[in-house]
Structures are given as structure tokens and as C-alpha cells.
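Undergrad: First, the structure itself, so that you have it in front of you.
Protein chains in written order, with the numbering used here: chain A, 21 to 536; chain B, 21 to 536.
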């Protein structure tokens, strides 16, 4: 069973490498936390506020065993996996735990639950892998008679595979590793590898517009989706009769990224590809982040584009590849024409000033690529604050965005008395632009939650002022709601609220998320 | 000046080739039309119903010279270019002409016009190239004090080019040939070549989700769009801070395909690419449509994907390439690695049973690729009925969709006493599916408008029953409004209406189009 106040299987817990421990101690002044993590028994959990008749009605929808009001179930469905979420849990704060966890087994059961909740004005938080890092599972409670986490974990089937069209239909609760196992039986793969891979679910990918490490080759999750089935409190919406259509606005794109606020996604039709014949991952070195960025841009604009590209800045390179100068890029190739694409991309990278530094770097990255959340637990245990910030913009604006966001985090935390290290990499590339993914580590202040919220606010301000999007792949949740409102403007927000008002007239779906 | 009752420059008018004329006469029983085309003077045009004070207010917005109420201006802005539109004009029917043509020069002027029209409840039909073939310019008049065509032709600037991000910002009234000329000065191309290329506009491409002949290489127009500025009666929406984002639903996708019902697009940021170094177009022959379709699917799924692919069925091949058996595909390559892609694609096509038949076929196709609307005029002149139907679905459903739509048109028109020829080609391919484009030619019945509407209704029914989308790239307009409602379902329609109600509370924007 996974760690209730952190990430993943405790058996996979990481110990900080000595050079990292030394860096924390000497460069950042990190000291062991004043208080240990509370025990699960000691978590402060308010009594469930859900009236017994509502619990009974929910049990009528999904059977009694699938309505859970026990403390551990409730704690385990409290918020998500942002650093602030974990800091609060470690301190025993579960004040916003759901009153019950409801596990529907079918689309019809989801519909029935939504109707009961609408009738009794119970807030519903659709819950897939529980991996939100943006407060996407932290609903506004005010005005509701209770909150239920709608855990989609029982809806874990691969419904069908169409090998000719290379499409698969999944229920939303299928987690990414299970999706790969189920598809492998048919000779296919999804190839969607976000850092939350171990726990994140198909429904979560769709509702948050997730992007995986191999997005250059396989696209973002929203680009993989060909069809959706959505249960709302007022009925069902089914979309997707063709890969592309001119039949009006693409309404799939209205539910993708809607974060459970417009409906509950109960089936997702996604593009799949044959299990790759081959995979190679290798390192390249550039003298500067600017040179490396230019190289990635050339690959994205003129090809051939590898399946995966990722470029660390000088700081991330220094921390990640002890002693290496310049900037390291990791480049991955998958599929049936690896040699050809690799040769072509290699020419582009070399022309742009890159030097190959071997497959060892690539293999090490592949081996550790889902470890960051385990590393964060180790950092929190050591008394450090560790969190990430991400954004994207067009290529011409990328250098200024990088400078602005990096400086905002450096300045805010330094002024706070906890000078950080800030590491960055380009994580996803497109013809017109790219994303930036920043990792921040510093000593925890006395109130680390307030400390991070202050730094995050500074970063959000910098992103918006520099013209970046408030989130490239983490989604809006509650953490980005005000930035999102600024990004799409008041009429954009009003348009979304109008849709929500129509599909969710009692406003029970993930209140407070996305549109505030 | 272009032909008011048909297509394009009269100097480019086509004469039917003898074998086509013979086919019409002998196989289809086409006879010269009973009545000639009326003269422009003889068109039955209702008096302009717009009150003088409203005309004056509109003149205050855009200056008097840009508010036109003359007969020819009104006739030339009547409906679009569907066969039914043309048949009616040829017969002198301009009952649904706009009461005035208003030509704004700036975003602010568009906003001002919308405010005047909202205040006086005047319907506004955004007008780009005027090339709609789905009744997208045929507004419902009922309940309005008048209808104005908002001709965006004066907003014809290339606003800016970002060569690093390969993005260009256009005003909506730029027509496709002008867009290419403007970009060529910067070394770039858009590469969007729908059959309406000669007249269609950037704003129209965006608002209808247009798809061009080279979509395999450059994407559909909606896939090229990175940003939008939209004027609504209640304010401005600006979208697009990054190529991709997880900041909620992608609202760009709400305005793309909205066909002027949610706002007027006043600026479009699009991806561009360097002027191609080379272009080759060649023919391939397959023994059957099924074999050819499989070949195209392999290219789309495993690559390398040419810039353009198009596969005619046996019937279209027989008519188009007199005497050729089997099915002909035209495959085009553009860019800087033509030789490599061509060699790779050639291997795939050969493996799938294709035989190369040379560049002559490709060159001839390139030379005549924008001639179809001229050919239609010639067919109408000869007394034939000629129109097109298009749809798309996933690969596994494509053969059944083809059979169903083809049969529906054959049966409906044969039962009507005018047995048609029905030709089809696959016009656009994706990893998961493809589009079908059917051309129908038969003798005109006594009431050709009713004749086609009956056939079209049969085709729409067949498309929906076979699981296809009601339109892959022609858009919804009024002709597909009921099919669209069936395709996205009542809640989908309600969601769109909710947005419209918020952004266009008086309902003046293209009433009757899209959401009925």
C-alpha cells in the first residue's frame, strides 16, 4: 500500500545521495524538521458530515461496500500530492478530507451518484490516481452538505481495442502501468509517461491535459484522445466520430482539461501504437542552455524529431551530472526506425553545437525517471522544501520567460531567508514553442506552507507577466485558478461558467477548481 | 470581378471536355436548362429593411463609404457557393440578401458594429471569402430588424511575423493567395490549400475548421492556429500564450469552428513554415479502393507521411483518368527532404500493392486542383446538377461509411428519376482515420433545389447512421445543423447555446447557423 503522507511504495523509498545531503546542509542550510511526521491515527480528521440517509442513498447506487467513511479511506483521499498537500498531511492536517469515498463500477453508477449528490447538494470530487499537484482534489466545501471523493478505481477495464484504427477504449480508473499491461496483450502501447506514471489514471490524464516524457513522439494526452464519454448531473455526453471534424467547435476539447468540473469522464478512446521494437536513450552536451534550446527548436521545427527530448539548464546539469559543465540533453528514440531518426537528429544536434556523451546518461535517466516524487519525500524528511513550477510559451519568448520565472523564485525565497537552488529543463517541445519545468529546493522555513505559497505566487506573477501559460501540463486545480482567470480573461471564464451552469446546475462538480 | 452567380474570374471559365459532355448527354440524360441565368438587374431583391438611423449609426462606426446598401453589393453577399445557393441566384432568387454590407477596418470597428447591431437587434453575418458551401452565410431573419453582412475584406493585413517561433498574425480578411504572397516576402508559407483557395479567407478557415489539400504535411487549419482574437457583442477574448497548455479546456477550440456564432475573429496567429525548397507530385495506381485505402493508412500510421495524399475510388478514377483501371492516388511531397520521404513512402506504397504511374498524373492534378468550382459552373450551364458531400470516420468504419453514403446518393437520385454518377476520394488522412469526399453529378430535375435537398438529406442520414461525422471540413452552416445536433447530442448543443447566450446575449451573431 502506498505511503499515505507521501509518494508510492515505501519499499521504493530513496535515501539522499551524500552529495545531495551535503549540498542541503552546506549550501542551503537545511536542518532536520522540528517535528516528525504524525502517525495515521493522530491525523486530525473532522467527523464525516454526510447525513446517514445520504450515505444510504449512495449505497443504493453503488452497494454499501463501495461507500466508505472510515478514517484511513478518508485520509488517503485528502487532497493530492503537491508539496503543500504533503506538508499538511505530515503535520496531521486533514481538515478538508472528504466525508465519504464512493466507488462506482459503471457509467450508470456514476450517473446515479451524481443525481443523488445534486439532489442533496453534496460536492463531488472525481478521483483517479490522486496525483494532482495543483490542488485539483481540494474542493470548496462552503454551501455544501458534504463532500464525496468519487474514486474511479473500480472502473479499470480496457473496454475494447480497434487494431485497424489503432484505438483503445479505457475506463477512467485504469492507471498508466495497467494501461500499458492491458495494451501489451494486444501488441500496443500508449506511450504516455508523466512523472506520476506509477499512480496516475486515464481519466486524470484526460481531465488535466497531461503530458508525458515521450510527448515529442506520441503527443500530449489531449492529442491522443479521439473520443470521450462524460456523465454529468443532467445526462451523458458522447463525443468523437472521427479523428478530426469540422462539425462545430471540438467539444472534446471542452471536457479535456475540465478537471472534473463539467462532468465525470467514464470512457476515453485513445490512439495507441505498436509496442516499440527498439528504444535508445542517449545524452548530448551543449555549451549553454541557449545553444541547447536552439538545437531542440531545430528538431521540433524541421525534424527529425526524436520520441523524447529534454534539456537541462546549467544548474540542473551541475546538480544532476556532478562535475559536468554546460548543459546536458537527454534524447530518446522509440519505434521501428530508430537508427534513421537517430542519425538524422544526431546531425541536427551536432550542427547546433551538441556533442554526444553516450548512452550511459540516457540509461541512467530512463532508470530514474519516475523517482522524483520519492526524492521529494526524502528531501522533506531531511527538512528541505522541494517543489516544481512549470509553464510554456512560444520560442521567441522562452529566454525571457526562463529568466523571469527563475529570478522570481530565487528572489522570493532569498528575501524570505531561505535562498534556494532553482533547476530547470525544457521538458516538451513543439514547432512553435516549448515548456519549462523548474525544480526548487531550499531549507524549510518555520511555516513551509506559507513559505511555498509566497514563492509560488511570485512565480505565477512572473509567468503571467512574461506571457507564459500558467500551466503547461500540471493543470489549474485551485493553485492556478486566479492565474487561469487572468490568462483566459473574464469572458473566457464566463463562457466556461455558462457551460458549467448548464451541465452542473447545482454546482456540485469539483467546486472551487478551475473556475474558482 | 468574380462571377456573381458562380465561381471566380469569368476569364477562367471552363468548357466541358467532350468526353464529359458525352457522358452527361448519354449516360445521365442531361438536357440544357429550361431557363437561362437571369441578369443581375433582374434578380428579385427585397428592399433593404434597415432603418435609416441604424444605417447612420453603422456609418458612424466604419464611415459612410463602408456601409453599402446597393443592389449589386447586396446580391454579391447573398448566401455562399453551394450548388443550391448558385441555383437560386441563377434563377434570380435573392430573397435572403443582407440589408446592408458593412466593412469594418479594425477590431475596434468590429466591436462598435456589434454593439450597434446588438442594440437594434440586427443580425450580423460575418463574411470572409463568401465561399461557404453549407449555408453558413444564410441567416435566420425572423425576429430581427435586419441583416448585415460584416465583410472583413478590409482587414487584410499580415500584422506580424515571428520567424523564431514560425508564427504569423493575420487579420481575418486576408485571402489565401494574399496570405501566401505576404508570407513569401518573409520566406514563409502557410501551405493551406482548400479547393476554395482562390477566395477563402484566414478568418473563414479558422471559423470553419477548414482543411487543405496538403493537410497530411501541414495539418488542418485548426491545427495551425496558435492564437485568436475574437470580438463579441460583450467584449474581446484573446487566447493563445503557448503552443499547448493544460490551463483548462482549450478555448481556442471553442471559437475555431464556431462559424461566427460566438464572435468575430479579428486576428489569427498561425504556424508557418519555410517556403518549400522542392515540390513533387506523382501518381500511384492500386487495383482497388480497398488496397489503396490500406496503403494510405499505413503511411498515416507508420510513415513516412507525404505532404499530400489523395486516393480516388474506381468511379472517380474511371472518369478522371479516362481508361485507367483500378484506383489512382496522387501523392505530393514538399519541403527540404523530399527525396528521402518520397523513397520511404514509395516503399510503403509498393509494399501495399501500388504501382507508380509517374509525375504526369501529379502535375496534371496540381495544375487543375482549384478548378472544380469552375467545372461545376460549366456543369450547371449544361443542365447538370453537381454537388459534393464529405465526411470522415475511423479507419475500421471507413468501408461501411463509403458504401452507405455512396448507396444513399445513388438510390435517392435514381428513385427521383435522375440516376447519378457518384465519385469518391479519400482526401485527408490521420493515424486513426480518414475523410471521404464524394462528388455527385446527374441531370437536373424540374426543381433542382428540392432534388438536391432530398439527396443531401439521404446522404446525411446515411453518414450519421454509419457513425461518420456530418462534416469533415465544410463546416455545419445551416445545411448540417440538424445532423450536427444529432452528432453532439442535446447536451452538447445546450453547452454551446449556453456559451452563445453569454457572449451574444441578443443572439445577433449568424442566427440559425450551427446551433439552429
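The beta-carbon is built from N, C-alpha and C at its ideal position, and this holds for glycine as well.
How many angstroms separate the CA atom of residue 524 of chain B from the CA atom of residue 325 of chain A?
TA: Here the question's residue 524 of chain B lines up with position 504 in the second chain. Here the question's residue 325 of chain A lines up with position 305 in the first chain. Cα to Cα, the separation comes out at about 43 angstroms.
Undergrad: On the DSSP bridge assignment, give the partners of residue 353 of chain B in chain order.
TA: In the second chain, residue 353 of chain B corresponds to position 333, counting from 1. Note: residue 353 of chain B sits in a beta bridge opposite B/300.
Undergrad: Closer than 8 angstroms by beta-carbon distance: list the chain B residues that pair up with residue 519 of chain A, in chain order.
TA: For the purposes of this step, residue 519 of chain A is taken as the residue at position 499 of the first chain. Those are 515, 518 and 519, listed as they occur along chain B.
Undergrad: Along chain B, which residues have their Cβ under 7 angstroms away from the Cβ of residue 80 of chain A?
TA: Here residue 80 of chain A refers to the residue found at position 60 when the first chain is read from its first residue. The contacting residues do not exist; residue 80 of chain A stays about 25 angstroms from chain B at best.
Undergrad: Where residue 508 of chain A and residue 487 of chain A are concerned, what is the direct C-alpha to C-alpha distance, given to the nearest angstrom?
TA: Within the first chain, the letter at position 488 stands for residue 508 of chain A. Within the first chain, the letter at position 467 stands for residue 487 of chain A. For residue 508 of chain A and residue 487 of chain A, the distance between alpha carbons rounds to 12 angstroms.
Undergrad: Give me, in chain order, the residues of the same chain whose beta-carbon lies closer than 6 angstroms to that of residue 233 of chain B; leave out the 5 immediate sequence neighbours on both sides.
TA: By one-based count along the second chain, residue 233 of chain B stands at place 213. Around residue 233 of chain B: 213 and 328.
Undergrad: Any C-beta of chain B sitting closer than 7 angstroms to the C-beta of residue 378 of chain A?
TA: In the first chain, counting from the first residue as 1, residue 378 of chain A sits at position 358. No, because no Cβ of chain B sits closer than 7 angstroms to the Cβ of residue 378 of chain A.
Undergrad: Run down chain B in chain order and give the residues with a C-beta less than 8 angstroms from the C-beta of residue 493 of chain A.
TA: Taking the first residue of the first chain as 1, we reach residue 493 of chain A at position 473. Here the neighbours are 266.
Undergrad: Reducing DSSP to helix, strand and coil, say where residue 526 of chain A ends up.
TA: Taking the first chain and counting its residues from 1, one reaches residue 526 of chain A at position 506. The answer is coil: DSSP assigns residue 526 of chain A none of H, G, I, E or B.
Undergrad: Can you confirm whether residue 471 of chain B, when its beta carbon is compared against all beta carbons of chain A, has any partner nearer than 7 angstroms?
TA: Locating residue 471 of chain B in the second chain gives position 451, where the first residue counts as 1. No, residue 471 of chain B does not count as interfacial toward chain A.
Undergrad: In the DSSP output, what is residue 294 of chain A paired with across the bridge?
TA: The residue you call residue 294 of chain A lines up with position 274 of the first chain. DSSP output for residue 294 of chain A lists A/208 as bridge partner(s).
Undergrad: Below 8 angstroms on the Cβ atoms is my guess for residue 14 of chain B versus residue 123 of chain B; work out the distance and round it to an integer in Å.
TA: Absent from the structure is residue 14 of chain B, since the part of chain B shown begins at 21 and ends at 536.
Undergrad: Just verifying my parser: in three-state terms, what is the DSSP assignment at residue 103 of chain B?
TA: For the purposes of this step, residue 103 of chain B is identified with residue 83 of the second chain, where counting begins at 1. Here residue 103 of chain B sits in helix by DSSP.
Undergrad: For a quick check, are the C-beta atoms of residue 278 of chain B and residue 269 of chain A less than 7 angstroms apart?
TA: Start at 1 with the first residue of the second chain, and residue 278 of chain B comes out as number 258. Start at 1 with the first residue of the first chain, and residue 269 of chain A comes out as number 249. Yes, the Cβ-Cβ distance between residue 278 of chain B and residue 269 of chain A is below 7 angstroms.
Undergrad: In chain B, what lies closer than 9 angstroms to residue 164 of chain A by C-beta?
TA: Here residue 164 of chain A corresponds to residue number 144 of the first chain, with the count starting at 1. Those within 9 angstroms of residue 164 of chain A in chain B number zero; the least Cβ separation is about 22 angstroms.
Undergrad: Out of A/436, A/452, A/391 and A/393, which one is the CA nearest neighbour of residue 417 of chain A?
TA: The count along the first chain starts at 1 and reaches residue 417 of chain A at position 397. It is A/452 whose Cα lies nearest to the Cα of residue 417 of chain A.
Undergrad: What are the start and end residues of the alpha helix (DSSP H) that includes residue 313 of chain A?
TA: As a working note, residue 313 of chain A is residue 293 in the first chain. First-last of the alpha helix (DSSP H) with residue 313 of chain A: 309-322.
Undergrad: Rounded to a whole number of angstroms, what is the C-alpha to C-alpha distance between residue 44 of chain A and residue 406 of chain A?
TA: Here residue 44 of chain A corresponds to residue number 24 of the first chain, with the count starting at 1. Here residue 406 of chain A corresponds to residue number 386 of the first chain, with the count starting at 1. Whole-angstrom Cα-Cα distance: 11 angstroms.
Undergrad: Which whole-angstrom value is the C-beta distance of residue 404 of chain A and residue 461 of chain A, which I expect to be below 8 angstroms?
TA: Translated into positions along the first chain, residue 404 of chain A becomes position 384. Translated into positions along the first chain, residue 461 of chain A becomes position 441. 6 angstroms between Cβ atoms; contact.
Undergrad: Would DSSP call residue 92 of chain A helix, strand or coil?
TA: Taking the first residue of the first chain as position 1, residue 92 of chain A is located at position 72. Three-state DSSP puts residue 92 of chain A in a helix.
Undergrad: Report the three-state DSSP secondary structure of residue 241 of chain B (helix, strand or coil).
TA: Mapped onto the second chain, residue 241 of chain B falls at position 221. Of the three classes helix, strand and coil, the one that applies to residue 241 of chain B here is helix, per DSSP.
Undergrad: Closer than 9 angstroms between beta carbons: that is the criterion. Which residues of the region 321-335 of chain A meet it against chain B?
TA: Answer in chain order: 321, 322, 323 and 324.
Undergrad: Excluding the 5 residues preceding and the 5 following residue 235 of chain B in the sequence, name in chain order all residues of the same chain whose CB lies nearer than 6 angstroms to its CB.
TA: Within the second chain, the letter at position 215 stands for residue 235 of chain B. Hits under 6 angstroms: 448.
Undergrad: Determine the burial state of residue 21 of chain A: buried for a count of at least 16 other Cβ atoms within 10 Å of its Cβ, exposed for fewer.
TA: As a first step, residue 21 of chain A must be located in the first chain, where it is residue number 1. When all chains shown are included, residue 21 of chain A counts as exposed.
Undergrad: Which whole runs of the alpha helix (DSSP H) in the region 115-201 of chain A are 4 residues long or more, in chain order?
TA: As far as the region 115-201 of chain A is concerned, its whole alpha helix (DSSP H) runs of at least 4 residues are 127-140.
Undergrad: Is residue 434 of chain A helix, strand or coil when you go by DSSP?
TA: Counting from 1 along the first chain, the entry for residue 434 of chain A is found at position 414. It is helical.
Undergrad: Measure the C-alpha to C-alpha separation of residue 163 of chain B and residue 92 of chain B and round it to an integer number of angstroms.
TA: Numbered from its first residue, the second chain carries residue 163 of chain B at position 143. Numbered from its first residue, the second chain carries residue 92 of chain B at position 72. Their Cα atoms are separated by approximately 25 angstroms.
Undergrad: If we count Cβ pairs, one from each stretch, closer than 8 angstroms, do we get three or more for the region 496-505 of chain A versus the region 497-512 of chain B?
TA: Contact between the region 496-505 of chain A and the region 497-512 of chain B is absent, because fewer than three Cβ pairs lie under 8 angstroms.
Undergrad: Thinking just about the alpha-carbon of each residue, which of A/531, A/67 and A/340 is nearest to the one in residue 117 of chain A?
TA: Position 97 of the first chain, counted from the first residue, corresponds to residue 117 of chain A. For residue 117 of chain A, the nearest C-alpha among the options comes from A/67.
Undergrad: Helix, strand or coil: how does DSSP classify residue 507 of chain A here?
TA: Mapped onto the first chain, residue 507 of chain A falls at position 487. The answer is helix: DSSP assigns residue 507 of chain A an H, G or I state.
Undergrad: Does residue 46 of chain B pass the burial test, meaning 16 or more other C-beta atoms within 10 Å, or should it be called exposed?
TA: Within the second chain, residue 46 of chain B is the residue found at index 26, counting from 1. With fewer than 16 other Cβ atoms within 10 Å, it is exposed.
Undergrad: So which of B/428, B/394 and B/505 has the shortest CA-CA distance to residue 35 of chain B?
TA: Within the second chain, the letter at position 15 stands for residue 35 of chain B. Answer by Cα proximity: B/394.
Undergrad: Using a Cβ cut-off of 8 angstroms, which residues of the region 246-261 of chain B contact any Cβ in chain A, in chain order?
TA: The region 246-261 of chain B vs chain A, Cβ under 8 angstroms: 246, 252, 254, 255, 256, 257, 258, 259 and 261.
Undergrad: Ends of the beta strand (DSSP E) at residue 365 of chain A?
TA: Here residue 365 of chain A is taken as the residue at index 345 of the first chain, counted from 1. Counting along the chain, residue 365 of chain A falls outside any beta strand (DSSP E), though it belongs to the alpha helix (DSSP H) covering 358-371.
Undergrad: Can you list, in chain order, the residues of its chain with a C-beta nearer than 7 angstroms to that of residue 356 of chain A? Leave out the 5 residues immediately preceding and following it.
TA: In the first chain, counting from the first residue as 1, residue 356 of chain A sits at position 336. These residues qualify, in order along the chain: 297.
Undergrad: Got a sec: is the Cβ-Cβ distance from residue 499 of chain B to anything in chain A below 7 angstroms?
TA: Numbered from its first residue, the second chain carries residue 499 of chain B at position 479. Chain A contact via Cβ: absent.
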